[in-house]
Structures are given as structure tokens and as C-alpha cells.
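K.L.:
Let me give you the structure first, and then I'll get to my questions.
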Amino acid sequence: MSEPRRLAAGDIRNPPLSPAAARELLRAKGSRASRLDAIAVLRLQYDAAVATMLRNVAVDPKDDPVVRACAIAALAVRGERVTTEPEPPPSVRAAQIKAGDILRWRQMVADFDHGTPAAPLRVPMLLPAPATGSPVQTAQPSPQLQARIAAALSLPSHGGSLALQVVMLRCGNIELAAAADTARLNPAALLRAPARPAQLAVHHTQESDYWAASFDIVTEPANGGMRIAVLDLRGRVRFAGTGTGDAHGIAFTLQAADIAGTMPVVLRGRVVPGAFGIDSAISGTRGTARRAPQPFSGPARGQPD
Amino acid sequence: MWSLKNELKANVTGPKASLVSDVFGYIRGRLPRDPDGGPTSISLRKWAQLGVGNSFNVMTIFVGIESFTPSMFDEIDTAIHRMREVYGAIGLGVKWIVPWQITTSDADGLDVLTSEGEVDDLLSGWGFDKNAINLYFPAGWSMSDGLIGKSAEPGPCPGEQTQTKGLAGSCVGLTGPLTSSRTCSHETGHYLGLSHKQDFPENLMCQTKFASVPTWKAVALKNVDGDDQPAEVKLHCMVTRWWVA
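In the order they appear, the protein sequences are chains D and X.
Heads up, the final residue of the first sequence is numbered 312 in the numbering used here, and it's a clean run with no missing numbers.
Heads up, the final residue of the second sequence is numbered 246 in the numbering used here, and it's a clean run with no missing numbers.
Pasting the structure below:
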């Protein structure tokens, strides 16, 4: 917490289009930027007609590849896969890969919710636990804040109201919230069957101040104990660890996955019937190297407009 | 003594030097227009006087390079030139503009950004610790929440990216030259340590949503609200500690 203040900030504008104008623009095949704006607006107005429009764009080999890529991703978030031509442009191919990840993640989360994942978790190489570093502070949110965080979550309520426990995690100016369904915090059950007992929400403060449930926390029995993974919205494991059962519940440890630009982290805590707690959490001071761009291959000079 | 000949000799690797491309860094090889299409100018003399303490360097990084079109490079050149004008007005120059790229396959889905979380992934997972502000331009930008750019605030100093938690650069959506030209300077302002000034619609650090119209002209940097913005940006390590190529 003693490190220099480091925030992030952004620029925002008013919505550039009305929904009606967005539909017209996406159909009309205007500039790339305006059609990407149109998709941004229509994602929030998603219905059968929008889905059809997006589908038409996504599969049209004559359409702008970047707009197609955006449409493919928008459909995947809604659970729809599209089939394109056999050798699409790079951005469309990349969007198909991303869409495949998103669809697999959706299925995986649903499977863990039902306790029936198709395959065991694949845990990547983890960064070593830092011995020293900045402590990650934990706190209880106010009821108002907890309500805001709860509104961002997608944990299943199984027909009843969701009883949540939320713990805030702060390191520097990064603020997260671990939110668990207390009904799922049953150590014996967690050691017996796969589950998605919790999510990790991220606090964004750039535009309107909002919380987004950016990670799912899933568990499965393993080696007499429990394996834990924190998945991002493409199903990639960002943190992972293990839990060991004892007379009081489950003691667990989580570490960061070895991904470019990641700080090593170690978080230790416990799950007891109906609750969880964080005993200690430390973030390291030196992260992994970030991926480096390549020199510009050009030429852009003299290209026709 | 500075000479253009020596400068070009030291920095131009291609067979033919272009003042506009190789010195000023404009990808399209011509002086950009204003965001509204008006004519612009640039001074070689003033550029030659830039160095440590009165300027900073920028690495422009094109994410998903295969999808970039000439008009996108025009938009980027316009944004960079506008940034030169905005910071030039307070005596801070933009010296070297060095273009870099990320291929679509390497970008792994971050060539077309649709959420703030993806912007965070780009700015935290990529970075090049080379004494220049990393300024990313993704091939596609489609944000439902109105986000048009994001940056570390302040951005890391040369040599400090691995000690930096989270974001290590600035990112600008190519949403049209009237918008992106301002956002480019605005995000760079964050990198250089400036925070939002929502109550000052003429100020560069007022978010575009609240800025005076036309927004591309709402770019003042002043002593406002207790912050001496011109003095503050000149204290950033990207201004005080950069190398001369």
C-alpha cells in the first residue's frame, strides 16, 4: 500500500447513436467506426432482430472483417456460434477463436453450476508465491456497496434469494470484490463435487463508477482435497490453487497464473460452513514481462486512400 | 551542433529519408489535416529544439495490423499532430513517434475491443519498456458504455514497467478524427499524471462527454482547480528522463 499512487483513467462520450439509427447504420454498410458504434448500441438492445442482423454481418465474406469480428464476439456472448467461410481474414479468424473460448467458458460455468464439468480443470503454470510485497487489504463492504456488487453478479440463485458474502480486496488502487453464495460454502460438499461457489468482481471507475463480474471461481475435488481456479470471461485460468480439508473446513491457497504482465500474488484463506475468510494476501513487487510489439512492417506511406 | 543531416543519418534506416515520415513520424508520409479537415503546419526548427525536459516520445502500437486501412493511419496521424499542437501550446513537444505493431494472431482477440476489461488486458499484458509512452490503437473499438480511451494515470517511467501493477500504457479508440484526436491527447495527459477536470468543459482533461463543443477544440491545459497542469506534465519522468536517439 506504500507504492506510488497509480490509477487508470479514461475518456468517455455520450452514446453516438440512437438504437434506430444504429440498426440503420449497421444495415447501410457505412464507415467501420460508425458500424462498430452501431454494434455497441445494439448489444444493449439485443433481441431476435438484432441477432439476425449480427448474424448476417458475421457470415458475409464481403463485409468489413473488423465489423464481422465484432458481430461474431457479440453473438458468442449471447451463446451463439456462427460458421464463416473456410479461410476468413485474420480478424474474423481471431474472433472465431475468441468466440469459441467464450462459448466454452459459458458451457463450463453452466457445468460447474450443475456440478457436472465435462473435464477436469487444466491449471497452468503458476507464479511463485511472493515472500514479501504489498499486503492486499481486505474489508467488508457497506450494505449499499454490497448491493451494487451483487447486481453485477451472475451466480445462480436456484429459485430462492441469493445469500451473499462479499469481501473487498484492495491493492494499490486496484479494487476487487470476492462474492460467494453462502449456500454453496459447504466444505463437505465442495470436497465432494465440482461447484461455482463464487465470483470475483472488478471495480471500474473510469466512466460511471461500476462493478463487473469479470471472473468466476470454480472448484473441484482433487487429490483428497480441492482444486480452485479463477477463470476470466474466456475461461482462461488467471489464479489457481488448492484447498485441504480439516476438522473446521477447508484451508486454501491461491496464486497468480504465469501470464504476461502479471504480478505474483498469494492469497490464503478458509472456507467454513456458510462463510469464507481471507487470512493473508500479498502482491509481489515485480511482475512478469509484458509481451512486446514488433516493429511496424509498413508501408503505409503513399498507399491509396 | 544539431544538424538535420546527422539526425536523419542516425535515425533513418531505409534507403530514402522522408522528413514527414522519418522525422515527424507521420505514417502516411504527409502532413496531417486538422480533425475537421483544415490545413496544419509544423516547424522543423521547433522540433529540432526538443529534448530532455521539454518533450516526450511516443510509440504508436497498431493492434491487429492486418486490418488497418489508409484512412485509419490518416486518423492516427491527425491525432498525433493534434497532440503536438495541444502540448506545444504549453511548451511541451512530442519528439519521436515510433510505429510498432501487434499482429492479429498475436493480439489473441484484443484487436477488436468490446469491453473495458479487454482494454485492461491489452494495457496490462503488453508493453515495451523503451523510454516512450506506449500508445495503442486497436483495429476495432466498440464500447457499449461510451468509453473511447483509457490510460494508466500516471504511466510508468522508463525501466519501471515490471514494477507497475496493472496498466502500463494508453489506448485510444479510432472512433473518427473529431473524437480520437482529442482522446489521444487526453489519454496522454493521464499518462503524464493529469486527472479529470469535469467542471472545466474547455479543459483537455474534461471527459469528452462533458466537454464544450466542438470537443476537438476543448483542449486547454491551465492552472485549474489547484492543479498547474502545464507544470505537472513537465515533471513526468517520460519528459525528464528520456534518451536522445
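Beta carbons are placed, not taken as given, at the ideal position from N, Cα and C, and that holds for glycine.
1) Check the Cβ-Cβ distances between Asp100 (chain X) and every residue of chain D, and say whether any is below 8 Å.
2) Taking only heavy atoms of the ligand MG into account, decide whether any of them is closer than 7 Å to the Cβ of Pro201 (chain D).
3) Using beta-carbon positions only, say whether Gly17 (chain D) and Ser152 (chain X) come within less than 8 Å of one another.
4) Which residue marks the beginning of the alpha helix (DSSP H) containing Asn63 (chain D), and which one marks its end?
5) Alpha carbon to alpha carbon, how far is Gly291 (chain D) from Ala76 (chain D)? Give it in angstroms, no decimals.
6) Using a C-beta cutoff of 8 Å, does Phe129 (chain X) count as contacting chain D?
7) Would you say Ala153 (chain X) lies against chain D (beta-carbon separation less than 8 Å)?
8) For the beta strand (DSSP E) holding Lys223 (chain X), just list the boundary residues, first then last.
9) Would you list, in chain order, the members of the region 158-169 of chain X that have their beta-carbon closer than 8 Å to a beta-carbon of chain D?
10) Give the interface partners of Glu188 (chain X) over in chain D, defined as CB-CB distance under 7 Å, in chain order.
11) Answer with yes or no whether the minimum CB distance from Ser7 (chain D) to chain X is below 8 Å.
12) Can you check which of these residues, X:Leu51, X:Phe57, X:Ile98, X:Gly92, is closest to Val21 (chain X) by C-alpha distance?
13) Would you mind telling me which residues of chain D sit closer than 7 Å to Ser125 (chain X), beta carbon to beta carbon, in chain order?
14) Secondary structure at Ala246 (chain X), three-state DSSP: helix, strand or coil?
15) Can you give me the start and stop residues for the alpha helix (DSSP H) that Tyr192 (chain X) sits inside?
16) Is Gly150 (chain X) close to chain D, meaning its C-beta is less than 8 Å from at least one C-beta of that chain?
17) If you draw a straight line from the alpha carbon of Ala35 (chain D) to that of Arg29 (chain X), how long is it in whole angstroms?
18) Note the first and the last residue of the continuous alpha helix (DSSP H) segment covering Gly252 (chain D).
19) For Phe138 (chain X), tell me which candidate among X:Gly177, X:Asp146, X:Pro155, X:Gly156 has the shortest Cα-Cα distance.
20) Can you tell me where the alpha helix (DSSP H) holding Cys158 (chain X) begins and where it ends?
21) What residues of chain X sit near Leu43 (chain D), judged by a beta carbon separation below 7 Å?
22) Which residues does DSSP pair with Gln313 (chain D) in a beta bridge?
P.N.:
Quick look at the numbers:
1) As a first step, residue 100 (chain X) must be located in the second sequence, where it is residue number 99. According to the sequence shown, residue 100 (chain X) is Pro rather than Asp. The beta carbon of Pro100 (chain X) sits closer than 8 Å to some beta carbon of chain D.
2) This structure lacks the ligand MG, and indeed carries no ligand of any kind.
3) By one-based count along the first sequence, residue 17 (chain D) stands at place 10. By one-based count along the second sequence, residue 152 (chain X) stands at place 151. Yes; because the gap between Cβ atoms is below 8 Å, this pair is in contact.
4) Taking the first residue of the first sequence as 1, we reach residue 63 (chain D) at position 56. Start and end: 55-66.
5) Here residue 76 (chain D) refers to the residue found at position 69 when the first sequence is read from its first residue. Here residue 291 (chain D) refers to the residue found at position 284 when the first sequence is read from its first residue. Going by the C-alpha atoms only, they are around 37 Å apart.
6) In the second sequence, residue 129 (chain X) corresponds to position 128, counting from 1. Yes, its Cβ sits closer than 8 Å to a Cβ of chain D.
7) Looking up residue 153 (chain X) in the second sequence gives position 152. Yes, its Cβ sits closer than 8 Å to a Cβ of chain D.
8) Along the second sequence, one-based indexing puts residue 223 (chain X) at 222. First-last for Lys223 (chain X): undefined, no H or E at that position.
9) Gln162, Thr163, Gln164, Thr165, Lys166, Gly167, Leu168, Ala169
10) Within the second sequence, the letter at position 187 stands for residue 188 (chain X). Residues of chain D passing the Cβ test: Asp18.
11) Here chain D comprises residues numbered 8 to 312, so residue 7 (chain D) is not present and cannot be evaluated.
12) Stepping through the second sequence from its first residue, residue 21 (chain X) is reached at position 20. For the residues X:Leu51, X:Phe57, X:Ile98, X:Gly92, the minimum Cα distance to Val21 (chain X) belongs to X:Ile98.
13) Your numbering for residue 125 (chain X) matches position 124 in the second sequence. Ordered by position in chain D, the residues that pass the 7 Å Cβ test against Ser125 (chain X) are Gly268.
14) Taking the second sequence and counting its residues from 1, the one referred to as residue 246 (chain X) is at position 245. Per-residue confidence for Ala246 (chain X) stands at a pLDDT of 41, beneath the threshold of 50, marking its modelled position as unreliable; the derived number appears in the next sentence. Coil, per DSSP.
15) Residue 192 (chain X) sits at position 191 when you count from the first residue of the second sequence. Looking at the DSSP string, the run of the alpha helix (DSSP H) that includes Tyr192 (chain X) is 178-192.
16) Taking the first residue of the second sequence as position 1, residue 150 (chain X) is located at position 149. With 8 Å as the cut-off, Gly150 (chain X) counts as an interface residue toward chain D.
17) Locating residue 35 (chain D) in the first sequence gives position 28, counting from the first residue. Locating residue 29 (chain X) in the second sequence gives position 28, counting from the first residue. Roughly 28 Å separates the two Cα atoms.
18) Numbered from its first residue, the first sequence carries residue 252 (chain D) at position 245. Not the alpha helix (DSSP H): Gly252 (chain D) falls in the beta strand (DSSP E), residues 244-252.
19) In the second sequence, the residue the question calls residue 138 (chain X) occupies position 137. Cα-wise, what sits closest to Phe138 (chain X) is X:Gly177.
20) Your numbering for residue 158 (chain X) matches position 157 in the second sequence. No alpha helix (DSSP H) contains Cys158 (chain X), which DSSP labels as neither H nor E.
21) As a position in the first sequence, residue 43 (chain D) is number 36, starting the count at 1. Neighbours of Leu43 (chain D) on chain X, chain order: Gly141, Trp142, Ser143.
22) The structure shown does not extend to residue 313 (chain D), since chain D is modelled only from 8 to 312, so the question has no answer here.
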